[in-house]
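Numbering of the sequence shown is given in this note's numbering, commencing with residue 19 and proceeding in unit increments. Quick reminder that beta carbons are idealized off the backbone N, C-alpha and C, glycines included. If you're wondering where the values come from, they're calculated on a predicted model, not measured in any experiment. One structure is given here, and the rest of the page talks about it.
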Amino acid sequence: MTTTTSSIDQTTCRFPWLTMERLAYGLLILVPAIIRLVNLGQRALSPVEASTALRAWQTSQGLHPALDAGSPLLFSLQSLTFFVMGATDALARIWPLLAISALPLSFYFLREWLGRWQALLAATLITLSPLANTFARRSDGVSFALLAAVIALAGWSRVVRNQSHGWALTLAGVALALLSGPGGVTILIALAVLFLLTRDTLPDHPTGPASGDWIIFGIILLTGGTAIFTRFDALGLMTINLTQWLTDISLSSRSLLLGFIRLAADEPMLSLFGLLAIVWGLRQEQRTRALSIAAGGAALIAILQGPDVAYSRAAAAFFLALPTAELLVHLARRGDFSFRSLEQLLFIAVLILLAFLSVYALVTFAFDGDFSRLMIFFVSILLGIMIVFLFVWFLGWQEVRGGLLITSLTLTLLFGVSMAWQLGFNDTLPTLARVSPTEALPDVKDMIRTYGDLSEHQTGDRWATEVVLIPGSRSDDMIQWYLRRAEDFHIVHSVSAENPPAIIIAPAEQVLTLGDHYAGQRFALLSSWDIGLVASLNQGIQWFFFRRAPFPPPAANAVNLWAQLDLLNLEQNLNASN
Numbered sequence: 019m020t021t022t023t024s025s026i027d028q029t030t031c032r033f034p035w036l037t038m039e040r041l042a043y044g045l046l047i048l049v050p051a052i053i054r055l056v057n058l059g060q061r062a063l064s065p066v067e068a069s070t071a072l073r074a075w076q077t078s079q080g081l082h083p084a085l086d087a088g089s090p091l092l093f094s095l096q097s098l099t100f101f102v103m104g105a106t107d108a109l110a111r112i113w114p115l116l117a118i119s120a121l122p123l124s125f126y127f128l129r130e131w132l133g134r135w136q137a138l139l140a141a142t143l144i145t146l147s148p149l150a151n152t153f154a155r156r157s158d159g160v161s162f163a164l165l166a167a168v169i170a171l172a173g174w175s176r177v178v179r180n181q182s183h184g185w186a187l188t189l190a191g192v193a194l195a196l197l198s199g200p201g202g203v204t205i206l207i208a209l210a211v212l213f214l215l216t217r218d219t220l221p222d223h224p225t226g227p228a229s230g231d232w233i234i235f236g237i238i239l240l241t242g243g244t245a246i247f248t249r250f251d252a253l254g255l256m257t258i259n260l261t262q263w264l265t266d267i268s269l270s271s272r273s274l275l276l277g278f279i280r281l282a283a284d285e286p287m288l289s290l291f292g293l294l295a296i297v298w299g300l301r302q303e304q305r306t307r308a309l310s311i312a313a314g315g316a317a318l319i320a321i322l323q324g325p326d327v328a329y330s331r332a333a334a335a336f337f338l339a340l341p342t343a344e345l346l347v348h349l350a351r352r353g354d355f356s357f358r359s360l361e362q363l364l365f366i367a368v369l370i371l372l373a374f375l376s377v378y379a380l381v382t383f384a385f386d387g388d389f390s391r392l393m394i395f396f397v398s399i400l401l402g403i404m405i406v407f408l409f410v411w412f413l414g415w416q417e418v419r420g421g422l423l424i425t426s427l428t429l430t431l432l433f434g435v436s437m438a439w440q441l442g443f444n445d446t447l448p449t450l451a452r453v454s455p456t457e458a459l460p461d462v463k464d465m466i467r468t469y470g471d472l473s474e475h476q477t478g479d480r481w482a483t484e485v486v487l488i489p490g491s492r493s494d495d496m497i498q499w500y501l502r503r504a505e506d507f508h509i510v511h512s513v514s515a516e517n518p519p520a521i522i523i524a525p526a527e528q529v530l531t532l533g534d535h536y537a538g539q540r541f542a543l544l545s546s547w548d549i550g551l552v553a554s555l556n557q558g559i560q561w562f563f564f565r566r567a568p569f570p571p572p573a574a575n576a577v578n579l580w581a582q583l584d585l586l587n588l589e590q591n592l593n594a595s596n
């Protein structure tokens with residue numbers, strides 16, 4: 019009797035424990051993590067990121083700032099990190115990056131429940147997800163919500179198979195979701211649906227959580243949500259996050275339409291194949307049907323919350339990946355991704371070429387406005403439809419169906435990789451990811467650099483010159499974060515004429531009576547432009563393919579930096595002497 023070894027179980031002679039499966043999971047962890055680390059601190063923190071980072075830094079310095087938004091877990095981890103290692107933009111984002119990087123490892127423990135190929139493919143889909151890569155490089159709690167979902171699923175898979183530590187892992191995932199921010203609410207709702215629909219698969223006499231499992235839940239909740247028992251008021255953020263989640267729901271037709279467009283544009287592959295997987299999964303066995311319903315619910319929440327809420331889109335992408343992996347493995351086993359003939363290969367090549375020609379026509383029209391490009395687009399689409407019917411006639415539906423699936427998978431994968439770059443890695447204007455309600459513009463770092471230059475010319479130290487901030491703008495937290503190293507920094511509501519400060523930062527719309535002793539420069543710090551503000555078809559196409567905003571992006575918030583003329587004259591004299 020002979021036995022065969024699956025390709026996923028193959029090992030190397032030097033390392034017998036290193037199977038191809040484990041190697042694949044290892045590559046899914048290490049390679050993306052290294053790529054995501056590149057220029058992690060280059061983009062300025064958005065106001066949402068800066069708000070949590072600022073309060074975490076203030077706590078690490080022994081202060082007691084008010085906590086009014088954000089993830090309790092992220093606040094706790096940042097406070098500890100800033101206390102031990104100091105505060106930088108990159109360190110503010112390191113924990114979300116590590117959480118996303120750990121997702122494939124968590125999927126490894128779902129193999130027995132999902133299936134080995136299904137778990138590996140789901141881990142791959144999440145690793146390639148544009149939104150997962152975006153939040154991996156942002157100081158946001160969404161990354162923890164996604165990690166919490168995998169941990170809770172891994173625990174539940176052990177509960178239904180009556181294995182040890184199942185309830186401990188499940189409750190640990192629930193605790194992490196509660197601490198992750200408003201995105202955790204969407205995760206918990208989808209998990210609750212999934213658990214309820216699969217409760218019939220529990221053993222005949224299931225045992226509930228033991229006291230030790232609840233102790234683990236409490237330890238994670240208290241240590242992770244209170245900065246290791248130093249800020250118990252941080253737990254109140256869970257209520258604030260629930261309120262935010264509820265207020266983010268909108269039933270306006272415009273919001274629903276734009277929410278659907280954003281989900282499809284941000285996650286093209288998971289949106290298309292996820293929809294197919296939901297329809298297919300509803301007719302399958304109980305576990306697959308439950309995964310499909312949970313994915314559909316998460317996607318519905320993402321659409322209901324509109325285009326401005328990215329955390330629910332990320333949660334929807336996670337749950338869509340699960341039935342999508344099931345569907346793709348099913349299609350592969352059925353042979354739909356196998357090349358059956360040379361004619362089928364020709365059919366796929368022609369469709370891909372026509373798709374690229376269509377995209378080229380749209381992109382060139384977007385940049386030059388030549389309507390003849392649209393004729394090329396429509397002709398390409400018409401030719402594609404005709405070719406499909408022609409090949410159905412000659413090859414039959416089965417081969418054409420396989421060709422359409424391979425073509426769709428290839429095109430959406432390429433588009434998804436492009437979106438991952440535009441959303442998560444491309445920080446060059448006019449590209450504007452618009453993941454947060456308002457995005458920071460590069461001017462904030464230019465403003466801090468200007469202050470540093472003036473301070474260095476006056477004192478020889480880039481952080482020694484007095485600077486005051488007059489509050490009243492949406493960028494106050496962001497400005498305070500970037501001025502945290504200033505040795506003589508104050509927040510004031512008015513400027514004294516008897517003892518005027520050397521440098522003043524104030525909202526651009528605020529009129530200050532400074533006389534002739536100051537000169538100012540305006541800095542646009544925030545922009546909130548998105549697809550709902552497109553002025554033309556060209557602009558809409560540029561946003562869809564490249565996330566390009568008008569240049570320069572319309573400012574949603576600006577401040578003026580006022581400097582004493584004596585300070586400016588000193589700088590000019592030093593420049594002249596050099």
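Starting from the C-beta of residue i, find all residues in its chain whose C-beta is less than 8 Å away, skip the five residues before and the five after it, and write them out in chain order.
{"i": "Thr20", "result": "Legend: pLDDT at Thr20 = 42, less than 50; position of this residue unreliable, no value from coordinates given."}
{"i": "Leu583", "result": "Asp534, His535, Tyr536, Ala537"}
{"i": "Leu422", "result": "Leu369, Val406"}
Do residue i and residue j have their C-beta atoms closer together than 8 Å?
{"i": "Val577", "j": "Ser491", "result": "yes"}
{"i": "Ser97", "j": "Pro50", "result": "no"}
{"i": "Ile205", "j": "Ala87", "result": "no"}
{"i": "Ala277", "j": "Ala320", "result": "Strictly speaking, residue 277 in this sequence is Gly, with Ala absent from that position. Result yes, Cβ atoms of Gly277 and Ala320 sit closer than 8 Å."}
{"i": "Phe562", "j": "Ala283", "result": "yes"}
{"i": "Phe433", "j": "Pro286", "result": "yes"}
{"i": "Gly202", "j": "Ala252", "result": "no"}
{"i": "Met496", "j": "Leu58", "result": "no"}
{"i": "Leu196", "j": "Leu239", "result": "yes"}
{"i": "Val486", "j": "His508", "result": "yes"}
{"i": "Leu187", "j": "Phe336", "result": "no"}
{"i": "Ser330", "j": "Glu417", "result": "no"}
{"i": "Arg11", "j": "Leu115", "result": "Residue 11 cannot be examined here, being either before or after the span of the chain that is shown, 19 to 596."}
Given residue i, which residues of its chain have a CB within under 6 Å of its CB, disregarding the five upstream and five downstream residues?
{"i": "Thr22", "result": "Caution is warranted here: a pLDDT of 46 is assigned to Thr22, below 50, making its placement in the model unreliable, and the coordinate value is therefore given only provisionally. Excluding residues within five positions, none has a Cβ falling inside 6 Å."}
{"i": "Ser595", "result": "Here Ser595 scores only 48 on pLDDT, less than 50, and its place in the model is too uncertain to base an answer on."}
{"i": "Tyr43", "result": "Pro122, Tyr126"}
{"i": "Arg503", "result": "Trp481"}
{"i": "Phe235", "result": "Leu189, Ala193"}
{"i": "Gln498", "result": "Leu72"}
{"i": "Ala105", "result": "Trp75"}
Determine the closest residue to residue i out of the options, with distance taken between C-alpha atoms.
{"i": "Leu138", "options": "Met103, Gly201, Ile47, Gln76", "result": "Ile47"}
{"i": "Phe93", "options": "Gln60, Ile233, Met256", "result": "Met256"}
{"i": "Asp222", "options": "Leu380, Arg179, Ala42, Ser545", "result": "Arg179"}
{"i": "Gln362", "options": "Phe412, Ala373, Phe395", "result": "Phe412"}
{"i": "Ala333", "options": "Gly314, Arg351, Ala350", "result": "Gly314"}
{"i": "Leu555", "options": "Trp185, Thr477, Ala193, Leu392", "result": "Leu392"}
{"i": "Ser89", "options": "Phe507, Arg156, Ile144, Phe127", "result": "Arg156"}
{"i": "Phe564", "options": "Arg352, Val486, Asp584, Gln440", "result": "Gln440"}
{"i": "Thr430", "options": "Gln560, Leu364, Ser289", "result": "Ser289"}
{"i": "Arg217", "options": "Ser161, Ala190, Trp174, Thr248", "result": "Trp174"}
{"i": "Phe213", "options": "Ser376, Ala140, Gly236, Ala312", "result": "Ala312"}
{"i": "Pro460", "options": "Leu543, Pro200, Gly159", "result": "Leu543"}
{"i": "Arg61", "options": "Arg503, Val177, Arg452, Ser359", "result": "Arg452"}
{"i": "Trp580", "options": "Glu484, Tyr500, Gln560, Ile559", "result": "Glu484"}
{"i": "Gly299", "options": "Leu318, Leu281, Leu338, Leu269", "result": "Leu338"}
{"i": "Leu146", "options": "Ala567, Trp75, Ala438", "result": "Ala438"}
{"i": "Ala573", "options": "Glu457, Phe235, Leu274", "result": "Glu457"}
{"i": "Thr70", "options": "Leu275, Leu318, Gln304, Gly199", "result": "Gly199"}
{"i": "Val297", "options": "Thr342, Leu143, Met404", "result": "Thr342"}
{"i": "Ser546", "options": "Leu450, Ala150, Gly242", "result": "Leu450"}
{"i": "His511", "options": "Ile522, Glu505, Leu501", "result": "Ile522"}
{"i": "Asp231", "options": "Leu501, Ser182, Ile267, Arg272", "result": "Ser182"}
So, at 7 Å on beta carbons, what are the nonlocal neighbours of residue i in its own chain, with the 5 sequence-adjacent residues on each side left out?
{"i": "Ala526", "result": "Arg540, Ala576, Val577, Asn578"}
{"i": "Leu372", "result": "Ser398, Leu401, Gly402"}
{"i": "Leu592", "result": "Because the pLDDT of Leu592 is 46, which lies under 50, any placement of that residue in the model is unreliable, and the question is left without a value."}
How about residue i: is its Cβ closer than 7 Å to a heavy atom in the ligand ADP?
{"i": "Ile549", "result": "Looking for the ligand ADP in the displayed structure turns up nothing, as the structure carries no ligands at all."}
ask   = Is the region 135-149 touching the region 338-354 in the sense that three or more CB pairs, one from each, lie closer than 8 Å?
value = The region 338-354, when compared against the region 135-149, does touch it at the 8 Å Cβ threshold.
message = With a threshold of 8 Å, are at least 3 pairs of Cβ atoms found where one atom belongs to the region 219-233 and the other to the region 259-269?
response = Cβ pair count under 8 Å is below three, so no.
task = Could you tell me whether the region 103-113 touches the region 299-318, using the rule of 3 or more Cβ pairs below 8 Å?
result = With the rule of 3 Cβ pairs closer than 8 Å, the region 103-113 does not count as touching the region 299-318.
inquiry  = If we require 4 or more residues per run, which alpha helix (DSSP H) segments fall completely within the region 360-409?
reply    = Taken in chain order, the complete alpha helix (DSSP H) segments of 4 or more residues contained in the region 360-409 are 360-386.
ask   = Hey, which unbroken runs of the alpha helix (DSSP H) at 4 residues or more fall wholly within the region 83-151?
value = If you keep only unbroken alpha helix (DSSP H) runs of at least 4 residues inside the region 83-151, you get 90-103, 107-119, 121-126, 129-132, 134-146.
message = Taking contact to mean 3 or more Cβ pairs, one atom from each stretch, closer than 8 Å, check whether the region 321-328 and the region 548-563 are in contact.
response = When C-beta atoms of the region 321-328 are compared with those of the region 548-563, three or more pairs fall below 8 Å, so the two segments count as touching.
message = Count Cβ pairs between the region 439-451 and the region 465-479 that sit closer than 8 Å; are there 3 or more?
response = In this structure the region 439-451 does not touch the region 465-479; the number of beta carbon pairs closer than 8 Å is below three.
key: Contact the region 75-84 vs the region 470-485: 3+ CB pairs below 8 Å   = Contact fails: fewer than three Cβ-Cβ distances are below 8 Å.
query = Whole alpha helix (DSSP H) runs in the region 161-215 with 4 or more residues, listed along the chain?
reply = Listed in chain order, they are 184-197, 201-215.
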